[in-house]
Amino acid sequence: MSQHSNSAGLSKGELQSLDDDGYVGPYVRVLSQDQVSSVASKLLGHVRNKGDRHPLYGRYSARDWHLVYPELLDFVATPAVLSQLKSIMGEDLILWRSHVFYKPPKTGPVGWHQDFGTFSGEDIGNNKPSLVPTHLPHIDEDVLKEYLPSTTRLTSPETAPDLSDFWDITVWIALTDIEKDMGVLKILPGSHRLRYPVRMDPLPDSDFWQDPFVRIHSKDQLVKACNDSQLVLDVDTSRVLDGMRVEAFSYEELKARVLSKLAATQGSRTVLTETDEAGMVTFPAAKGDYFIFSERVLHGSLANTSDCERLAINFRVTPSSTLVYPFRTRGDFVDGFNLNVSQHENVLLSGRNLNPLNVTRSLPTRL
Ligand SMILES: O=C(O)CCC(=O)C(=O)O
Numbered sequence: 001m002s003q004h005s006n007s008a009g010l011s012k013g014e015l016q017s018l019d020d021d022g023y024v025g026p027y028v029r030v031l032s033q034d035q036v037s038s039v040a041s042k043l044l045g046h047v048r049n050k051g052d053r054h055p056l057y058g059r060y061s062a063r064d065w066h067l068v069y070p071e072l073l074d075f076v077a078t079p080a081v082l083s084q085l086k087s088i089m090g091e092d093l094i095l096w097r098s099h100v101f102y103k104p105p106k107t108g109p110v111g112w113h114q115d116f117g118t119f120s121g122e123d124i125g126n127n128k129p130s131l132v133p134t135h136l137p138h139i140d141e142d143v144l145k146e147y148l149p150s151t152t153r154l155t156s157p158e159t160a161p162d163l164s165d166f167w168d169i170t171v172w173i174a175l176t177d178i179e180k181d182m183g184v185l186k187i188l189p190g191s192h193r194l195r196y197p198v199r200m201d202p203l204p205d206s207d208f209w210q211d212p213f214v215r216i217h218s219k220d221q222l223v224k225a226c227n228d229s230q231l232v233l234d235v236d237t238s239r240v241l242d243g244m245r246v247e248a249f250s251y252e253e254l255k256a257r258v259l260s261k262l263a264a265t266q267g268s269r270t271v272l273t274e275t276d277e278a279g280m281v282t283f284p285a286a287k288g289d290y291f292i293f294s295e296r297v298l299h300g301s302l303a304n305t306s307d308c309e310r311l312a313i314n315f316r317v318t319p320s321s322t323l324v325y326p327f328r329t330r331g332d333f334v335d336g337f338n339l340n341v342s343q344h345e346n347v348l349l350s351g352r353n354l355n356p357l358n359v360t361r362s363l364p365t366r367l
């Protein structure tokens with residue numbers, strides 16, 4: 001049952017739940033139905049059509065549409081949500097990323113994943129951290145290493161690095177009603193205290209894999225999608241057809257060959273036992289309802305087995321002292337998800353910008 005947010009921020013009890021479970025919510029929407037629908041229809045216009053180029057990134061991307069449509073900021077910069085975030089992470093906050101999760105009818109799950117705050121692109125086999133926390137009083141080289149993706153994978157869950165404070169928080173908002181067969185959000189309460197093993201698997205078996213052929217019906221469409229890198233989110237497929245005699249294959253044969261090429265690359269898969277999964281909670285949500293969770297809690301979503309489209313968006317917020325896209329400082333602009341972030345900006349949601357190395361702009365005055 002959704003609850004109302006309190007404009008004074010999270011109560012002591014809610015902060016305790018966040019600490020114990022790694023998430024709080026659901027909270028009822030803070031924007032009107034019309035505002036939510038208007039944003040949803042704009043975003044659907046982009047995500048339905050993977051041919052769309054993101055104005056900032058030059059290719060299809062589910063990320064950072066708030067930098068294109070400032071009205072999206074209304075979801076997090078509204079006093080109710082902002083005061084909740086401030087009660088977790090203090091006054092000085094930036095929004096550094098948003099991500100749209102679109103599930104057409106009859107599409108698969110988003111696998112369990114947790115992130116220790118670095119967003120390194122491990123999902124698609126890369127290792128390039130997007131964030132470096134600089135505000136933690138006890139931070140030193142050894143602690144920092146805990147955040148950076150290790151090349152040695154764990155074999156069983158390990159106690160997470162001991163952090164008294166949360167430094168990267170997600171606000172996840174349902175942009176359509178999401179009933180139980182429509183790909184509901186799933187969370188494993190308390191899992192933020194453990195770091196689960198991650199295995200690198202063939203991309204089609206990895207956590208974020210979505211059937212790339214759902215909206216492709218012909219060989220021409222497939223060739224175009226490969227060449228334009230619109231097949232698999234964030235994966236460069238422009239060379240996948242290199243060396244293939246495309247004209248010699250039927251559509252089905254070409255599909256099989258593309259799939260096997262993709263299977264030769266890797267993506268991450270978080271390893272859970274059935275016993276772990278037994279503690280899972282799932283959340284049907286009404287349009288506009290939102291959750292607040294730590295990236296460290298295991299989360300994902302179930303398959304959309306319904307005939308309806310399902311849309312959600314998340315916003316990732318961190319203290320303004322966190323260094324975002326550290327590689328930018330050495331003139332490198334391509335992140336772990338193969339996106340050129342040279343036009344990316346953080347948005348200062350509240351307080352002061354504490355990191356002069358970041359590219360951070362103020363909230364637009366319309367708010
Ligand atoms: O909404 C979804 O399908 C998954 C959400 C998710 O994984 C996230 O917000 O990180």
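At position 21 of the sequence shown (counting the first as 1) the number is 21 in the working numbering, and the numbers step up by one without a gap.
Glycine is no exception: its CB is placed at the ideal position from the N, C-alpha and C atoms.
Residue i: beta carbon under 8 Å from a heavy atom of ligand 1?
i	result
GLU295	yes
HIS99	yes
THR170	yes
SER301	yes
HIS113	yes
LYS287	no
ASN368	What is shown of the chain runs 1 to 367, which leaves residue 368 out entirely.
GLY121	no
ALA312	yes
LYS180	no
VAL110	yes
LEU44	no
LYS103	yes
LEU72	no
GLY183	yes
Ignore the nearest five residues each way along the sequence and tell me which others in residue i's own chain have a CB closer than 7 Å to its CB.
i	result
VAL214	PRO104, THR107
ASP177	ALA286, LYS287
CYS308	PRO105, MET182
LYS128	SER120, GLY121, PHE327, ASP335, GLY336
LEU357	LEU323, THR329
TYR383	Residue 383 is absent from the structure shown; the chain starts at 1 and stops at 367.
ARG310	LYS103, THR176, ILE178, MET182, GLY183, ASN304
Which residues bound the alpha helix (DSSP H) around residue i?
i	result
MET200	No alpha helix (DSSP H) holds MET200; the beta strand (DSSP E) holding it covers 198-202.
GLY45	33-47
TYR251	251-263
VAL223	219-227
THR305	Neither: THR305 is in no alpha helix (DSSP H) and is coded neither H nor E.
THR273	Note, THR273: premise wrong, no alpha helix (DSSP H); not H, not E.
State the DSSP-derived secondary structure class of residue i, mapped to helix, strand or coil.
i	result
ARG330	helix
TYR147	For TYR147, the predicted structure reports a pLDDT of 48, less than 50, and the residue's modelled location is therefore unreliable. A value from the coordinates is still provided. TYR147: helix per DSSP, three-state reduction.
MET89	helix
PRO284	coil
PRO137	The predicted model places PRO137 with a pLDDT of 49, which falls under 50 and marks its position as unreliable, so this point remains unresolved.
LEU194	strand
VAL171	strand
THR152	Model confidence at THR152 stands at a pLDDT of 43, short of 50, so the residue's coordinates are unreliable and nothing is read from them.
ALA312	strand
SER164	Reliability fails at SER164, whose pLDDT of 47 lies under 50, so the model's placement of it is uncertain and no value is given.
PRO319	strand
THR107	strand
HIS299	strand
PHE75	helix
SER350	strand
LEU131	strand
GLY246	According to the sequence provided, residue 246 is Val. The question's Gly does not apply to it. Three-state result, VAL246: helix.
GLN210	coil
GLN3	strand
How would you write the range of the beta strand (DSSP E) that residue i sits in, first residue to last?
i	result
ARG25	As written in the sequence, residue 25 is Gly, which differs from the Arg given in the question. Start and end: 23-27.
ILE94	93-103
SER362	360-362
ALA186	Here residue 186 turns out to be Lys, not Ala, going by the sequence shown. Unbroken beta strand (DSSP E) run through LYS186: 185-188.
THR270	266-270
TRP112	110-113
ILE178	Unbroken run through ILE178: none, as it is neither H nor E.
PHE291	290-294
Please go through the same chain and pick out, in chain order, the residues whose beta-carbon is closer than 6 Å to the beta-carbon of residue i, but skip the five residues on each side of it.
i	result
SER150	The pLDDT assigned to SER150 is 46, lower than 50, so where the model puts this residue is not dependable, and the model offers no usable value.
HIS4	VAL28
PRO137	Any reading at PRO137 must be qualified, since the residue scores a pLDDT of 49, below 50, and its modelled position is unreliable; the value itself is stated next. There are no such residues.
HIS66	LEU72, LEU73, SER98
LEU395	This structure cannot speak to residue 395, because the chain is shown only from 1 to 367.
LEU354	ASP92, SER320, SER321
Between which residues of its own chain and residue i is the CB-CB distance below 8 Å, once the five residues before and five after are set aside?
i	result
LEU148	Here the model assigns LEU148 a pLDDT of 48, short of 50, so the residue's position is not dependable, and the following value carries that caveat. Closer than 8 Å at Cβ, skipping near neighbours: THR118, SER120, PRO129.
GLN456	Residue numbering for the chain in the displayed model covers 1 to 367; residue 456 lies beyond these limits and cannot be assessed.
ARG257	MET244, PHE249
VAL68	HIS54, PRO55, LEU56
Taking 8 Å as the cut-off, does the segment 182-195 touch the segment 289-296 (at least 3 CB pairs, one atom from each stretch)? yes
Any contact between the segment 236-244 and the segment 76-93? By contact I mean 3 or more CB pairs, one from each, below 8 Å. no
Kindly confirm or deny that the segment 46-65 and the segment 333-353 touch, where touching means at least three C-beta pairs closer than 8 Å. Yes, since at least three Cβ pairs between the segment 46-65 and the segment 333-353 fall closer than 8 Å, the two stretches touch.
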